[in-house]
Amino acid sequence: TYKYILGVLALVLILTIALYSLVGNIITNPIARNMFVGLSMMILFGTALATFLYIVGSFRKELYEDRGYLTFTLPITGNQIVGAKLIVALFWILVILTSIMIYNFIAMLIYMTGSEISGFLEKIFTMDVVKRILVGIFMTILNMIQMLTIIYFSMALGRITFKNKKIGGLWFIIFLILSWLISYGHLKVVELIPYYFDLNGFGVQNSDSMMYQMNMNHNGFFSFSLTIDSLITNIAGFIYDILVTTGLFLGTGYLVEKKIDL
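Residues are numbered in this note's numbering as their position in the sequence shown, beginning at 1, plus a constant of 37.
Structure (structure tokens):
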């Protein structure tokens, strides 16, 4: 895995250097500047997508190809196997995200003056903004964990349901159905228990008092709002997502350990 990831990062670095070598023309030419920004975003998006698919595909290969014999015959539990996969996946995803952040910082150094950079950093490194960034990173990691557990559970269930390895791609249908069910359950929980935790004042408020300042993200995953005046999350929805993710993790570990027929 690391060879593929490092190869992708090296490719991005080479393309970035090639693009920045034209920076003189890019800054003075509006058309070239727009093309530069668009191409840069395509490179970053393609890198992130390819990396995510590769990481997810590595677990699928364990289930549907002969390489799974070595993994599943090790003297470890199913939960340990799934946990190791999650840790490795999160590590490489965070490496990619960190690389993207560094890329954006380099772009900022190129396009912004010294005074603009200084003013930007002063606005960023305030207690309120830092708190929002840390919570945002925490929630992003939780979303990644939940997404990966849904995918892994769908793959394991698909491997058991469809014995023919040639139709292993049908796990994606299970993933879509399962994602919809989890999203629907999340919405219902939020509707039934509309109480939110406000990190700004560290207090609990109901939906009526929070409605004017919130822009909740009801996508079936860990929900939070990063608005100007509030930093809130639905308490019941958050607990629901924690329980669902834990259940999917344990369920995947059980299927891998007890039900997978090598």
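Built from N, CA and C at the ideal position, the CB exists for glycine as well.
| Proximity winner among Leu287, Ile230, Leu218 and Ile174, relative to Tyr189 (alpha-carbon distances) | Here residue 189 corresponds to residue number 152 of the sequence shown, with the count starting at 1. When C-alpha distances from Tyr189 are compared across Leu287, Ile230, Leu218 and Ile174, the shortest belongs to Leu287.
| Cβ distance (whole Å) where Ile92 is taken to contact Ala126 below 8 Å | Taking the first residue of the sequence shown as 1, we reach residue 92 at position 55. Taking the first residue of the sequence shown as 1, we reach residue 126 at position 89. Between Ile92 and Ala126, the beta carbon gap of about 5 Å places them in contact (Cβ cut-off 8 Å).
| query | Over what stretch of residues does the alpha helix (DSSP H) that includes Val227 continue unbroken? | reply | The count along the sequence shown starts at 1 and reaches residue 227 at position 190. Val227: member of the alpha helix (DSSP H) spanning Trp208 to Leu229, first to last residue.
| Do you know offhand how far Ile133's Cα is from Ile182's? | Start at 1 with the first residue of the sequence shown, and residue 133 comes out as number 96. Start at 1 with the first residue of the sequence shown, and residue 182 comes out as number 145. Distance between the alpha carbons of Ile133 and Ile182: 16 Å.
| query | Which term fits Phe175, buried or exposed, when burial requires 16 or more other beta carbons within 10 angstroms of its beta carbon? | reply | The sequence position of residue 175 within the sequence shown is 138, counting from 1. Residue burial annotation: Phe175 is exposed, with fewer than 16 other C-beta atoms found within 10 angstroms of its C-beta.
| query | With DSSP run on the structure shown, which of helix, strand or coil describes Phe234? | reply | Locating residue 234 in the sequence shown gives position 197, where the first residue counts as 1. If DSSP states are grouped into helix, strand and coil, Phe234 belongs with the strands.
| In whole angstroms, what is the alpha-carbon distance linking Asn180 and His223? | To locate residue 180, count along the sequence shown from 1; it is residue 143. To locate residue 223, count along the sequence shown from 1; it is residue 186. Distance between the alpha carbons of Asn180 and His223: 14 Å.
| task | Round the Cβ separation of Trp349 and Ser220 to the nearest angstrom and send it over; I've been treating them as touching at under 8 Å. | result | What is shown of the chain runs 38 to 299, which leaves residue 349 out entirely.
| query | Can you tell me whether Glu159 is buried or exposed, with buried defined as 16 or more other CB within 10 angstroms of its CB? | reply | Taking the sequence shown and counting its residues from 1, one reaches residue 159 at position 122. By the neighbour-count criterion, in which 16 or more other beta carbons inside 10 Å mark a residue as buried, Glu159 falls on the exposed side.
| field | Met253 - DSSP class collapsed to helix/strand/coil | value | Translated into the one-based positions of the sequence shown, residue 253 becomes position 216. With a pLDDT of only 46 at Met253, under the threshold of 50, the placement of this residue in the model should not be trusted; the figure read from the coordinates follows. Look at Met253 here: in three-state DSSP terms it is coil, with no helix or strand label.
| request: Give the DSSP-derived three-state secondary structure of Thr114 in the structure shown. | output: Locating residue 114 in the sequence shown gives position 77, counting from the first residue. It is coil, neither helix nor strand.
| field | Cβ-based neighbour list, Leu185, same chain, cut-off 7 Å, excluding 5 preceding and 5 following | value | For the purposes of this step, residue 185 is taken as the residue at position 148 of the sequence shown. Here the set comprises Leu123 and Ala126.
| query | Alpha carbon to alpha carbon, how far is Val45 from Asn116? | reply | As a first step, residue 45 is located in the sequence shown; it is residue number 8 there, counting from the start. As a first step, residue 116 is located in the sequence shown; it is residue number 79 there, counting from the start. Annotation: Val45 to Asn116 spans about 30 Å, alpha carbon to alpha carbon.
| task | Going by CA-CA distance only, name the one from Leu229, Phe199 and Gly195 that's closest to Leu215. | result | The residue labelled residue 215 in the question sits at position 178 within the sequence shown. Taking the Cα of Leu215 as reference, the smallest distance to any Cα among Leu229, Phe199 and Gly195 is reached at Gly195.
| task | Compute the distance between the beta-carbons of Ala193 and Thr270, then report whether it is under 8 Å. | result | If you number the sequence shown from 1, residue 193 lands on position 156. If you number the sequence shown from 1, residue 270 lands on position 233. Taking 8 Å as the cut-off, the Cβ atoms of Ala193 and Thr270 do not count as close.
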